[in-house]
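Using the working numbering, the first residue of the sequence shown is number 7, and each one after it goes up by one.
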Amino acid sequence: MTEQCDVLIVGGGPSGSSLAWALRDSGLDILIMDKKSFPRDKVCAGWVTPAVMESLQVDLEDYSSKHVLQPITSFQTSALGDASVQTEYGEVVSYGIRRREFDDYLLQRSGARTLLETPFKSMEREDDHWLVNGEVRAKLVVGAGGHFCPVARQLGTKLGHKEKVVAAQEVEFELNEEQKKQCSLKADEPELYFLKDLSGYAWAFRKGDYINIGLGRDDNHKLSEHVQAFADYLKEQGKLGFDITERFKGHAYLLQPDSSREILEDNVMLIGDAIGLAYAQSGEGIRPAIESSLMAAEIIKEANGDYSKARLEPYRDRLYERYGKPRPGAKSWIPQGFKQFIGRKLLGNTWFSRHVVIDRWFLHRQQAPLQSK
Ligand SMILES: Cc1cc2nc3c(=O)[nH]c(=O)nc-3n(C[C@H](O)[C@H](O)[C@H](O)COP(=O)(O)OP(=O)(O)OC[C@H]3O[C@@H](n4cnc5c(N)ncnc54)[C@H](O)[C@@H]3O)c2cc1C
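In C-alpha cells:
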C-alpha cells in the first residue's frame, strides 16, 4: 500500500510540527513521519524565549493548565568559579518547558496526519515526486530530523564528519520532597556558568518540580569530566544537597555560523537543526528552528505546487536575511588568551551581563518575533 501526500515532513520536533501548523490552512495534504512515538524525550534544557510562543500563537494559559511552563524573571551569570551577577527584570522575560510535553503539544496541535515509529530509510525519485521508504509518495520532502536528519544526508551532508559542532549533555528529573528541601536553585532564575576557556557554558535550571542541569561546549574533549565537575561544583556551593544519580544524556548540534549544509534540492527542503541554525552565543535552537519553518511555509505556499529548487530558492535568501550567511571555518582574529581575560572581566560586570549577555545573546530582544502569515 502506498501512502500519498503533498508534503512529507521527516521529523516531528518543533521545526517539523511548526511547519505543519503553518501550512494548516494551505489546502495541502501534510504527513509527518517520525522514528519515535510521542510523547518522547529530547535532550534539551527546555528554555524558550517569548518570541517562540508569540510566533506560534501558543495560548499560555491553556498550555500551562496542563504542562510545566516556568516563568523566568531573572538570571544569574558568572564565569565558573567566580562571583555571579544577578540580572533582575521584575517581569516575565522567558519560559522553561519540558520538551517531552512541548513537542507533543505542538505535534498534536498541528493537526497533521502522522506516521510515527517509522524511521526514514530511503528516498527515490519517481517522475515529479519522491518515493520514501518505498511506501510514501510525496511531491515535496522536508527534512526536519534534527542534527542527524537523514534527509540532510540525501543532500550531501556527511553526518558527524568534519563539522564543528556543540557537544552537550544534560539531565532532567523530577525532584522528590527531600530533594526539594535540599535544592536552593530558584525556579524563576536560571543560573548560567560560562566555562573559563569560554568554550561554552553550563546551566542549572529549575522548572516547577523539575530540574535540568547541563553543559555544552564547542569540542567534545573530556565532556563527561566537565559535566561531572560541574555537578560536583553545584553540590559544593550548596545549590544541591544531594548527588545526581540520573544519567546525563548527550547530543550534538551545529551553530548557525558554522553550518555548511545544503538547504535545498529539487522537491526537497531542510529546516531547523537539520541545517544547523542555533544561535552562536546561547545555543538556543528552538526559536530559529520554528522560524525556519514559518519561512519555509511561506515559500511552499508561494510555490503553488512547483517545488523545483529555483522556485524554492527564496527560502535561502530569507534565512540569510534573518541570520546572516554562515561562515564555516572563519577564524577569530582576537587571540584566545586575550579573549578569556577580557571575557571573564566582562562577565563580572552588571551592565555587560544585562545588556549584552542576557538581552542580546540569550533573549535576542533585538530581533522581533517572526509573525506567521
Ligand atoms: C543539551 C542541549 C540543550 C539544549 N537546550 C536548548 C534550550 O534550552 N533552548 C533551545 O531553544 N534550544 C536548545 N537546544 C537546541 C534544541 O534542542 C534544537 O535546536 C531543537 O530541538 C531543534 O528542533 P528540530 O525540530 O529541528 O529538531 P529535533 O528537536 O531534534 O527533532 C527532530 C525529530 O526528528 C526525528 N528523527 C530523527 N531522525 C529520524 C529518522 N531517521 N526518521 C524519522 N524521524 C527522525 C526525531 O525523533 C525528532 O523527533 C539544546 C540542545 C542540546 C543538545
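The C-beta atom is built at its ideal place from N, Cα and C for all residues, glycine as well.
Tell me where the beta strand (DSSP E) around residue i begins and ends.
i, result
"I219", "216-223"
"L261", "Here L261 belongs to no beta strand (DSSP E), and DSSP marks it neither H nor E."
"L352", "Not the beta strand (DSSP E): L352 falls in the alpha helix (DSSP H), residues 342-353."
"E9", "9-16"
"R119", "119-121"
DSSP beta-bridge partners for residue i?
i, result
"G102", "W53, Q76"
"Y199", "S84, A208"
"W6", "What the structure shows of the chain is the stretch from 7 to 379, and residue 6 is not part of that stretch, so it cannot be assessed."
"H135", "E132"
"K255", "E176"
"V362", "For V362, which the question treats as bridged, DSSP gives no partner whatsoever."
"I36", "V13"
"E271", "V274"
"G149", "V16, L276"
"R143", "Q10, L137"
"A284", "L261"
Thinking just about the alpha-carbon of each residue, which of the options is nearest to the one in residue i?
i, options, result
"D110", "I38, G349, E130", "I38"
"Q114", "V177, K351, P45", "P45"
"N226", "L260, R253, G247, L246", "L260"
"D215", "Q188, G19, K202, L240", "Q188"
"H257", "Y69, Q175, R30", "Q175"
"L283", "N139, K170, L137", "K170"
"D203", "S84, K48, E327", "S84"
"N273", "A286, F248, R317, K127", "R317"
"S43", "D68, C155, E123", "E123"
"N218", "D47, A51, L14", "A51"
"Q346", "L86, E130, D134", "L86"
"S90", "I15, R360, Q373", "R360"
Taking the alpha helix (DSSP H) that residue i falls in, what are its first and last residues?
i, result
"M301", "292-309"
"K241", "229-242"
"K315", "315-318"
"E94", "Taken as a continuous stretch (DSSP letters only), E94 belongs to no alpha helix (DSSP H), being part of the beta strand (DSSP E) at 91-94."
"K186", "183-187"
"R5", "For residue 5 there is no data in the structure shown, the boundaries of the chain being 7 and 379."
State the CB to CB distance for the pair residue i and residue j, rounded to an integer number of angstroms; the pair is presumed to be in contact (CB under 8 Å).
i, j, result
"G354", "D12", "The Cβ separation is near 54 Å, so there is no contact."
"M275", "Y321", "6 Å"
"P375", "E67", "About 19 Å separates the two Cβ atoms, so there is no contact after all."
Using a Cβ-Cβ cutoff of less than 8 Å, which residues in the same chain neighbour residue i once the five nearest sequence positions on both sides are dropped?
i, result
"T79", "E94, Y95, G96, E97, V98, V99, D194, E195"
"G436", "Because the chain in this structure spans residues 7 to 379, residue 436 falls outside the shown range and cannot be described."
"S298", "S21, I277, G278, I281, L283, L325"
"L62", "S24, W27, L112, I296, S378"
"P263", "A286, G330, P332, R333, P334, A336"
Starting from the C-beta of residue i, find all residues in its chain whose C-beta is less than 6 Å away, skip the five residues before and the five after it, and write them out in chain order.
i, result
"K213", "V74, Q76, G102"
"L137", "E130, R143"
"A173", "N226, L229, A258"
Measuring only from the beta carbon, is residue i closer than 7 Å to any heavy atom that is part of ligand 2?
i, result
"H232", "Ligand 2 is absent from the structure shown, which contains only ligand 1."
With a CB to CB cut of under 7 Å and the five nearest residues on each side skipped, what residues in its chain are close to residue i?
i, result
"P125", "K41"
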